[in-house]
Structure formats: C-alpha cells, structure tokens
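In what follows, a single structure is set out as structure tokens and then discussed.
2 protein chains.
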Amino acid sequence: MIIASAVSSLPGHAPILAGAPAEPSLHGLFAGQPLESLEPGATLFWEGDRSRHVFEVLKGVLRLYRILPDGRRIIVGFAQEGDIIGLAPDEHCPATAEAVSEVSLRRIERCRFRALTEASPALTREFIAALCEEVAAAQEHAMLLARRGAEERVCGFLLRQMQRFAEGGKSAASIPLPMSRTDIADHLGLTIETVSRTFTNLTQRGVIAPEGRHALAIRRPATLARLAGAEDDTDTSPRGTGAARLAAWPH
Amino acid sequence: MIIASAVSSLPGHAPILAGAPAEPSLHGLFAGQPLESLEPGATLFWEGDRSRHVFEVLKGVLRLYRILPDGRRIIVGFAQEGDIIGLAPDEHCPATAEAVSEVSLRRIERCRFRALTEASPALTREFIAALCEEVAAAQEHAMLLARRGAEERVCGFLLRQMQRFAEGGKSAASIPLPMSRTDIADHLGLTIETVSRTFTNLTQRGVIAPEGRHALAIRRPATLARLAGAEDDTDTSPRGTGAARLAAWPH
DNA sequence: CGTTAACTTGAATTTTGTCAATGCCTGTGG
DNA sequence: CCACAGGCATTGACAAAATTCAAGTTAACG
Numbered sequence: 016m017i018i019a020s021a022v023s024s025l026p027g028h029a030p031i032l033a034g035a036p037a038e039p040s041l042h043g044l045f046a047g048q049p050l051e052s053l054e055p056g057a058t059l060f061w062e063g064d065r066s067r068h069v070f071e072v073l074k075g076v077l078r079l080y081r082i083l084p085d086g087r088r089i090i091v092g093f094a095q096e097g098d099i100i101g102l103a104p105d106e107h108c109p110a111t112a113e114a115v116s117e118v119s120l121r122r123i124e125r126c127r128f129r130a131l132t133e134a135s136p137a138l139t140r141e142f143i144a145a146l147c148e149e150v151a152a153a154q155e156h157a158m159l160l161a162r163r164g165a166e167e168r169v170c171g172f173l174l175r176q177m178q179r180f181a182e183g184g185k186s187a188a189s190i191p192l193p194m195s196r197t198d199i200a201d202h203l204g205l206t207i208e209t210v211s212r213t214f215t216n217l218t219q220r221g222v223i224a225p226e227g228r229h230a231l232a233i234r235r236p237a238t239l240a241r242l243a244g245a246e247d248d249t250d251t252s253p254r255g256t257g258a259a260r261l262a263a264w265p266h
Numbered sequence: 016m017i018i019a020s021a022v023s024s025l026p027g028h029a030p031i032l033a034g035a036p037a038e039p040s041l042h043g044l045f046a047g048q049p050l051e052s053l054e055p056g057a058t059l060f061w062e063g064d065r066s067r068h069v070f071e072v073l074k075g076v077l078r079l080y081r082i083l084p085d086g087r088r089i090i091v092g093f094a095q096e097g098d099i100i101g102l103a104p105d106e107h108c109p110a111t112a113e114a115v116s117e118v119s120l121r122r123i124e125r126c127r128f129r130a131l132t133e134a135s136p137a138l139t140r141e142f143i144a145a146l147c148e149e150v151a152a153a154q155e156h157a158m159l160l161a162r163r164g165a166e167e168r169v170c171g172f173l174l175r176q177m178q179r180f181a182e183g184g185k186s187a188a189s190i191p192l193p194m195s196r197t198d199i200a201d202h203l204g205l206t207i208e209t210v211s212r213t214f215t216n217l218t219q220r221g222v223i224a225p226e227g228r229h230a231l232a233i234r235r236p237a238t239l240a241r242l243a244g245a246e247d248d249t250d251t252s253p254r255g256t257g258a259a260r261l262a263a264w265p266h
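Listed below in structure tokens is the structure:
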C-alpha cells in the first residue's frame with residue numbers, strides 16, 4: 016500500500032498538431048494551478064493522513080517513506096521532476112512525503128483528479144499505464160533488495176539515478192545526489208556505514224568519482240552496470256509512452 | 016515490470032440483488048471459458064514472451080519468477096486461487112509463470128480483456144483498484160526484503176500465507192505450503208539453509224509445527240505476527256472492495 | 001521397499017551491522 | 001572573506017548474521 020517511482024515523458028509529448036490547446040495528459044490537469052514550494056525538510060503529507068490532493072512535482076526531490084513500529088524507516092522511493100504523487104482511489108496516504116531539496120509543485124483536489132481522469136478514456140489509459148509503470152518500479156526495487164550484495168544494491172541505485180537524470184536529455188557526466196547517505200541506506204535496506212564503504216570502494220576502483228557530497232561522476236558506466244547485476248538492459252524500451260510518473264498513494 | 020499478488024473477494028461479492036445475472040466483475044469475464052489444467056512444473060508463459068492471454072487461477076498455486084543474468088532466480092510472487100495473471104497494457108511478460116501444484120484456470124485473449132474492461136466504467140474501476148492492490152503488495156514485499164532479519168522475513172511470509180488462506184473463510188489451524196524451501200528462499204532473498212534453520216528454530220520455540228513438508232500449523236499467531244515486525248496491523252481494512260487479485264503482467 | 005530428491009544440520013567463512021572515533025563539508029556569524 | 005561550529009560522512013575494530021561447503025536425514029514416489 017505505498018509508493019515508488021516510474022517512467023515518464025515530461026518534456027515534450029505535447030500536442031504534435033499545432034494549435035491544439037487540449038492536451039490529453041495527466042500533467043495537463045495541473046496546468047492552471049498555482050505554484051507552491053517546499054523548503055528542504057518540509058513535509059507535504061504524512062503517512063496515515065486522509066489523502067486530499069494529488070501533486071505534480073516540477074522541481075526538486077522528495078523522499079517517500081514509512082516508519083515501522085520499531086522505528087526503522089524505509090524509503091520506498093524518491094519523487095522527482097515529472098512525478099505525480101498522492102494519487103489513490105481513496106483512503107489514506109501510505110507514506111510520508113518530505114522535501115529533500117527545495118521543491119516546487121502544483122496540486123489539485125483528489126476527487127477532481129479522479130473525476131477528470133474517469134471522464135476521459137485517454138486519461139484513464141494514461142493513468143493505468145502509469146500505474147503499471149509504478150508496479151514495475153516497485154518490483155524492480157524489490158528485486159534490487161532481494162539481491163544479496165551491498166555493492167549490487169548501491170550500483171543499481173546509482174544506475175537508476177543516472178538513467179533518470181539522463182532521461183531529460185542531459186547526458187550524465189555528473190549526476191546529482193541530493194539525498195543524504197542515511198536516505199540512501201534507508202532506501203536500500205543497508206546501514207550508512209555500508210553505503211559509505213561501498214562508495215569509497217567504488218571510488219578507489221575508479222568506477223565513480225565523488226564531486227562534493229551531493230553529486231558524483233560515473234567514470235565507468237559499463238562497469239557500474241555490470242556490478243549492478245547487468246540489469247536486463249531493457250533501458251531502451253518503454254519510454255515516452257505518455258505514462259506519467261507517479262508515486263505514493265493509498266490502497 | 017513484473018508481478019506479485021494482491022487482495023481479493025473471490026467467494027461471494029456477487030450480486031446482492033437477486034436475479035441479476037450480469038455481475039460487474041473482472042472474474043465474470045472468464046465465465047464462459049473452458050477449464051484448463053496444468054501439471055506441477057508446467058510453464059504457463061515465459062518471461063519475455065509476447066503476452067497473449069489473461070488467466071484466472073481457480074485452483075492451485077503458480078510461482079512467478081525472473082532469472083537474473085547470473086542465474087539467480089527471484090520469485091516475485093505466488094499466484095493462487097482468485098488471482099488474475101498475465102495482465103498488461105501491452106508488450107511482454109515480465110516473468111515466467113510455472114505451476115507449483117496442480118493448477119486449474121481459465122483464459123481469455125488479452126485484447127478482448129482490455130476491450131471489455133475499457134468499455135465498462137465499473138470494470139475499469141475494479142481494474143484500477145486491483146492495480147493499486149498490486150503496487151501495495153509489491154511494496155509490502157520490498158519492505159519485507161529491506162528489513163534485515165531472516166526470521167522477520169520468514170515470519171512475514173508465513174503470516175501472509177496464513178491471512179491469504181484464511182481469506183476464504185476457513186480458519187487457519189493448519190496452512191498449506193505447496194512450494195519448496197527453495198521457492199521460499201528465492202522469494203525472500205535468502206538461502207534454503209537459512210530458511211530451513213529458521214523453520215527449525217520457530218518449531219523449537221513452539222511458534223509453528225510442521226505437518227509433513229508441505230503444510231504447517233501456526234501454534235502462536237500472535238508471536239508470529241510480533242516476530243514478523245508487527246506489521247501495521249492493517250489487517251482489517253481493505254478486504255472485499257471488489258478488487259481482483261492480479262499478478263504478473265508486462266509493463 | 002528402495003531410490004532419489006528435498007530438506008536438515010553442522011562447521012568454517014564472508015558479509016554486514018554495531019560501536020566509537022575522526023575527518024570533512026556547509027552554512028553561519030564574525 | 002575567513003573562521004568556526006555542528007552535522008554528516010568516513011574509517012576502523014569488533015560482533016553478529018547469513019552464506020557457503022559438506023555431510024547426514026527424511027519424506028515422497030515409483
């Protein structure tokens with residue numbers, strides 16, 4: 016009952032035919048809404064809250080997490096530019112959303128989102144596609160966690176970050192890493208020490224090169240991919256299908 | 016791009032009003048289809064296959080898994096009675112489906128499933144609800160894997176099996192465990208030895224009692240739940256919402 | 001009833017977590 | 001602009017947990 020991430024086509028899948036103001040896109044629903052912003056550390060909504068709005072992230076990164084009874088925190092995903100979060104058929108927020116960096120976003124009421132989506136077959140299709148992406152992402156994450164090695168997890172994470180950053184067209188000489196080591200650890204089911212050691216190790220082997228604390232360069236992407244378990248190399252598949260990124264919503 | 020499990024209301028969420036033959040349910044789509052059956056070990060579809068059909072599982076259990084490049088197998092979920100598998104907007108199967116025990120099922124063409132679902136708002140809603148359940152399940156699984164202990168994972172798994180078995184109304188004095196230890200290990204990201212040791216340990220502590228190799232009794236459900244990490248105890252919430260169980264489908 | 005595959009058990013090894021101390025950014029205030 | 005402080009990250013030594021390797025047992029099936 017939770018969250019994650021997904022693929023998208025934020026930049027330009029807008030009307031191909033000129034002069035068509037009505038674009039059938041989930042992102043279009045947020046068009047007229049006022050811009051809001053969140054300072055780092057600010058909370059957008061809490062786990063268990065009744066979910067009232069759906070948000071479109073325009074800039075910045077949020078962490079989506081749940082706290083287990085014994086206090087452990089699990090970050091189910093990071094929401095970034097182009098993601099839609101807070102979505103759900105009804106009920107409560109399955110996770111807390113908190114700004115990592117400064118975030119700007121738009122919101123609409125959840126019931127309105129639902130009504131508009133249901134009214135349009137195109138939007139419904141897009142919504143379903145996005146949900147499928149969402150499940151895919153969640154299961155990829157589960158697979159990442161099921162793989163034993165700490166190194167595989169870290170490399171897998173970096174690889175995803177790289178791909179996601181490169182999505183916008185900008186090649187990935189150096190990728191941003193706005194979240195803390197603690198965030199990464201809680202996302203990968205490791206301790207910060209293990210994450211740190213793995214980073215150090217990868218650096219010494221020349222796979223990555225840290226650039227300050229919140230960015231790094233991928234020196235050997237191929238090696239990184241191999242260490243991550245070679246993935247399925249399904250990189251070049253379902254991008255730009257019109258599916259919106261979305262994350263975090265009640266069951 | 017994968018699979019898992021989800022919640023459902025197979026038995027009787029049928030028409031409340033008598034004499035209403037047209038029940039708006041995803042399961043209803045399979046009504047007229049011929050019964051098929053699978054021997055243990057038989058494969059229903061392969062990871063990477065073009066997905067042509069959607070299946071309703073009537074009896075038995077299937078494992079849904081992916082093989083990583085290095086040969087490791089990850090069981091993303093088990094499909095059981097009431098689950099719908101093979102579903103997807105399009106593309107390919109994200110996982111292999113293989114019968115664990117003898118399985119009986121029905122199938123319909125994927126495109127027909129899609130057309131019928133899209134034509135009915137009620138079915139669309141049910142489909143979306145099922146997808147949400149699916150994500151929820153995937154993320155619960157991810158959380159299970161992110162939590163460190165082997166014991167927590169095994170107990171969490173047993174708990175889910177218990178709940179799922181009890182769903183049909185039958186109380187869970189003894190629950191079936193048709194899958195092998197290897198299957199369980201590959202599902203939980205552990206080795207068979209660790210799973211076996213954990214079972215032994217739980218038995219010695221009187222929490223469970225094995226009944227042959229493919230069933231066991233839960234002697235102390237409360238202890239089991241506690242060892243599993245107490246979950247969120249959200250047991251009593253979203254059951255019987257009309258959402259179909261579904262699992263495994265392309266992105 | 002015997003064969004075989006699945007499961008259990010044990011000991012050694014590796015990996016990761018834990019505890020503790022040090023070092024280094026970052027952002028504040030002089 | 002530089003100095004300083006405090007949080008965050010790194011590093012090391014040790015302990016705990018899980019995996020690996022290697023037998024033994026047991027249950028399922030013919």
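These protein sequence lines are chains E and P, in that order.
Remember, our numbering sits 15 above the position in the first sequence when you count from 1.
Remember, our numbering sits 15 above the position in the second sequence when you count from 1.
Idealized CB from N, CA, C, for every residue including glycine.
Exposure label - residue i; buried when at least 16 CB within 10 Å
| i | result |
| --- | --- |
| Ser186/P | exposed |
| Ala243/E | buried |
| Ala144/E | buried |
| Ala15/P | Any answer about residue 15/P is impossible in this case: the structure gives chain P only from 16 up to 266. |
| Thr58/P | exposed |
| Asp12/P | Any answer about residue 12/P is impossible in this case: the structure gives chain P only from 16 up to 266. |
| Glu96/P | buried |
| Arg179/E | buried |
| Arg125/P | buried |
| Glu113/P | buried |
| Ala94/E | buried |
| Ala153/P | buried |
| Ala130/E | exposed |
Cβ shell of residue i (< 7 Å), same chain only, five flanking positions each side left out
| i | result |
| --- | --- |
| Phe45/E | Glu71, Arg121, Ile123 |
| Leu231/P | Ser189, Ile190, Leu192, Ile223, Ala224, Pro225 |
| Thr132/P | Leu138, Thr139, Phe142 |
| Phe128/E | Leu44, Val69 |
| Ile207/E | Arg196, Thr197, Ala200 |
| Thr213/E | Ala165, Glu166, Val169 |
| Arg65/P | His107 |
| Gly211/E | Checking the displayed sequence, the identity of residue 211/E turns out to be Ser instead of Gly. The residues are Arg196. |
Chain-order list of residues whose beta-carbon lies under 6 Å from that of residue i (same chain, five-residue window excluded)
| i | result |
| --- | --- |
| Ala157/E | none |
| Asn216/E | none |
| Gly171/P | Leu159, Ala243 |
| Trp61/P | Thr111 |
| Gln176/P | Ile190 |
| Thr238/P | Val222 |
Sequence-distant residues of the same chain with beta carbon closer than 8 Å to residue i, five excluded per side
| i | result |
| --- | --- |
| Ala137/E | Pro39 |
| Arg168/P | Leu159, Leu160, Arg162, Leu203, Gly204, Leu205 |
| Ser135/P | Pro39 |
| Glu117/E | Ser52, Leu53, Glu54, Pro55, Lys74, Gly75 |
| Thr209/E | Ala165, Ala200 |
Closest residue to residue i among the options (Cα-Cα distance)
| i | options | result |
| --- | --- | --- |
| Arg235/E | Thr132/E, Ala134/E, Gln219/E | Gln219/E |
| Gly56/E | Glu106/E, Asp85/E, Leu102/E, Val115/E | Val115/E |
| Ser195/E | Arg228/E, Phe214/E, Gln176/E | Arg228/E |
| Glu106/P | Thr238/E, Glu148/E, Glu208/E | Glu148/E |
| Gly63/E | Gln154/E, Leu73/E, Ile82/E | Ile82/E |
| Val69/P | Gly86/P, Pro84/P, Glu51/P, Tyr80/P | Glu51/P |
| Ala151/P | Leu173/E, Val91/E, Asp85/E | Val91/E |
| Leu79/P | Ser119/P, Arg65/P, Cys108/P | Cys108/P |
| Leu102/P | Glu117/P, Val76/P, Arg67/P | Arg67/P |
| Ile89/E | Glu182/P, Leu174/P, Val210/P, Glu155/P | Glu155/P |
| Ile100/E | Leu173/E, Ile233/E, Leu77/E | Leu77/E |
| Leu174/P | Asp85/P, Gly86/P, Ile233/P | Ile233/P |
| Pro49/P | Ser211/P, Ser119/P, Pro84/P | Ser119/P |
Between the stretch 133-158 of chain P and chain E, which residues of the former have CB atoms less than 9 Å from a CB of the latter, in chain order? For the stretch 133-158 of chain P, which is checked against every Cβ of chain E, the residues closer than 9 Å are Glu133, Pro136, Thr139, Arg140, Phe142, Ile143, Ala144, Leu146, Cys147, Glu148, Glu149, Val150, Ala151, Ala152, Ala153, Gln154, Glu155, His156, Ala157, Met158.
* Proximal residues, the stretch 225-240 of chain P versus chain E, C-beta separation under 8 Å -> When CB distances to chain E are screened at a threshold of 8 Å, not a single residue of the stretch 225-240 of chain P falls below it.
What are the residues in the stretch 163-196 of chain E lying within 8 Å of chain P by C-beta distance? Within the stretch 163-196 of chain E, the residues whose Cβ lies closer than 8 Å to some Cβ of chain P are Arg163, listed in chain order.
### Segments assigned beta strand (DSSP E), at least 3 residues, entirely inside the stretch 97-126 of chain P
98-100, 111-114, 118-124, all fully within the stretch 97-126 of chain P.
task = Quick one: which residues of the stretch 86-113 of chain P get their C-beta closer than 8 Å to a C-beta of chain E? List them in chain order.
result = Answer in chain order: Arg87, Ile89, Val91, Ala103, Pro104, Glu106, Pro109.
Select from the stretch 195-211 of chain P all residues with a C-beta closer than 7 Å to any C-beta belonging to chain E, and list them in chain order. Taken in chain order, the members of the stretch 195-211 of chain P whose beta-carbon sits within less than 7 Å of a beta-carbon on chain E are Gly204.
Residues in the stretch 68-85 of chain P having any Cβ partner in chain E nearer than 9 Å
For the stretch 68-85 of chain P, the beta-carbon criterion of a distance under 9 Å to any beta-carbon of chain E is satisfied by Arg81, Leu83, Pro84, Asp85.
What alpha helix (DSSP H) runs, 4 residues minimum, are completely inside the stretch 210-243 of chain E? Fully enclosed alpha helix (DSSP H) runs of 4 or longer: 236-242.
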